[in-house]
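Asker: Just dropping this structure here.
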Amino acid sequence: MNFYNEVYKRKDELLEDLRTLCQIPSVFDPSTAKDNQPFGEANRKALDQMLAFGKRDGFITDDCDGYAGSIDIGEGEEVFGILGHLDVVPVNETGWHYPQFDATLDGDRLYGRGVADDKGLLLAAYYAAKIVNEMDFEKKYKIRVIFGCDEENGSSCVKYYFKHRPYPAMGFTPDADFPVVFGEKAMVGFNLTGKIDDEKIISINGGTRSNIVPNNACACLEGSLEDYEESFNAFLKENNATGSITMNNHVVLKVDGRSAHGSVPEKGTNAIVLLCHYLHTITDNKLVAFIDDYFYEDTAGKKLGIAHSGALGALTNNLGILNYEDGHINMVLDVRFSNEVDPINDVVDVVTKKASAYDLAVDYNATPSLYVDPESELIKKLHAAYVDVTNDHEHGPQAMGGGTYAKAMPNCVAFGAEFPGRDNKMHEDDETIVFEELLQSAAVYAQALYNILKK
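Numbered continuously in UniProt numbering, the sequence shown closes out at residue 455.
Okay, here's the thing in structure tokens:
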């Protein structure tokens, strides 16, 4: 069967479903959280919509207390899982050239939050499952499409789900890169706090999530415009940066950066770090010094003394959030590294010692790495499906820095759908995916499901 042709027949329906999902601004919102909608009203609406798709198509659906849901497709002795997420990261008020919560088709590309991460890919896999279910062959597995509502904020959704529901025998998550991912880096999320008073700095704020490179930062300072205007404008010019200096009861400095996924911080420009690089020229504030000393022009942990490169790639660190108000500090770091690294001795203890010298206290949470043998049956069948559909014999299984639902259950890996050489601008302004490649992704998923389900 030509799976691409089957997907193409359904392209209008798939696009309409994607638009419906993307028009729901499913960003974590604790202010509207309650029983049966633990991640807020919009995330609950997205969950209801995905369940409605399953009911519309005649499948059995399951709502796991608002944390996650599932759609069962077909019959089989065991269950094969597809894990995707309905929540999305926040959007910036500026920087977008298309409606943020929609799926706008402009030329050959779709634009909107979630078209690539992860609503578009979840629907591509869902449509693939429907196509394979319609085929007349004896199937070893039934398919369970599982969708959570908190992947971008720690994946508590699927952790809850698998406390109350059984694991599938194996599965994949369409939330990464093609051809297929055999390894994901370990992660440590740091929360640094402290109290540092400063006569000049009233506040510094930037960032929304630890896994996004912040693209803007703002500082309020005591004094007059004349105190800072010349040096700040010279700083912007010297660093080829944009920003502004205004007066609003206090001097307000704003610096623009460039957002990127927190797993690849080198692809972005961290506005918090850039702003603190300037502030370090006008104050000896220990917080500012810590950021400038250890993070300016360094996303690999070299200055912190934690740099490492291993089987899953090089260590990365991202200063994702800073809130500094009236001397009180809350700072969030995202550090990712290969499976050879000891998270406590090689990362946590080093960062804690460095931070303490700047009067900063450290709390942390650690997530282990993921490694699946590249020669395993699961990896081989998924990769073979990718090659069958794309005829790409050049690219093989790979490791990555991003963390996915694959860590939430045994025998599961990330599988697509960003093609080699593409940048879908996930977690950035104007998130995008080539519509043709979304359809091709669905064809790859259909081929993979056929390979795995047939007896």
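Using N, Cα and C, we set each Cβ at its ideal position, and we do this for glycine too. Remember, it's a predicted structure, so these values are computed and weren't measured experimentally.
On a CA-only basis, which of A271, S356 and N318 is nearest N240? Give me that one, please.
Answerer: A271
Asker: Along the chain, which unbroken stretches of the alpha helix (DSSP H) at least 4 residues long are found entirely within the region 110 to 153?
Answerer: Entirely contained in the region 110 to 153, the alpha helix (DSSP H) runs reaching 4 residues are, in chain order, 119 to 134.
Asker: Nearest CA to the CA of G74: which residue from V351, A219 and T61?
Answerer: T61
Asker: Assuming T390 is part of the alpha helix (DSSP H), what are its boundary residues?
Answerer: E377 to T390
Asker: Counting C-beta neighbours from all protein chains within 10 Å, is the total for T299 16 or more, i.e. buried, or is it exposed?
Answerer: With 16 or more other Cβ atoms within 10 Å, it is buried.
Asker: Can you look up H85 in the DSSP assignment and give me helix, strand or coil?
Answerer: strand
Asker: Which residues mark the beginning and the end of the beta strand (DSSP E) in which G194 is found?
Answerer: A186 to K195
Asker: Restricting to Cα atoms, I'd like to know which of M1, C22, F190 and N248 is closest to P90.
Answerer: C22
Asker: Report the residue from D117, G84, N211 and G320 whose alpha carbon sits nearest the alpha carbon of A103.
Answerer: D117
Asker: Among the residues of its own chain, which have a CB less than 7 Å from the CB of H164, if the five just before and after it don't count?
Answerer: C64
Asker: Which residues in the same chain have their Cβ closer than 7 Å to the Cβ of A129, if we skip the five residues on either side of it in sequence?
Answerer: I73, I82, I143, V145 and L449
Asker: Between which two residues does the alpha helix (DSSP H) holding H261 run?
Answerer: Looking at the DSSP string, H261 is not in any alpha helix (DSSP H), and its letter there is neither H nor E.
Asker: Sorted by chain position, which residues of the same chain lie with C-beta nearer than 6 Å to H85's C-beta, five sequence neighbours on each side aside?
Answerer: Excluding the 5 residues flanking it on each side, H85 has same chain C-beta neighbours closer than 6 Å at D118, G148 and E151, in chain order.
Asker: Tell me which residues share the same chain as G114 and place their Cβ nearer than 6 Å to its Cβ, disregarding the 5 neighbours each side in the sequence.
Answerer: C22 and V88
Asker: Assuming Y278 contacts F235 (C-beta within less than 8 Å), just tell me the rounded distance between them.
Answerer: The pair is a contact, with the Cβ atoms about 5 Å apart (cut-off 8 Å).
Asker: Tell me whether S70 is buried or exposed, calling it buried when 16 or more other Cβ atoms sit within 10 Å of its Cβ.
Answerer: buried
Asker: Out of Y67, F172, M247 and S224, point me to the one whose CA is closest to Y160's CA.
Answerer: Y67
Asker: What is the residue span of the alpha helix (DSSP H) that Y278 lies within?
Answerer: Taken as a continuous stretch (DSSP letters only), the alpha helix (DSSP H) holding Y278 covers A271 to L279.
Asker: Could you check what DSSP says for V362 in three-state terms: helix, strand or coil?
Answerer: strand
Asker: If we ignore side chains and look at the alpha-carbon of each, how far apart do G171 and F59 end up?
Answerer: Their Cα atoms are separated by approximately 19 Å.
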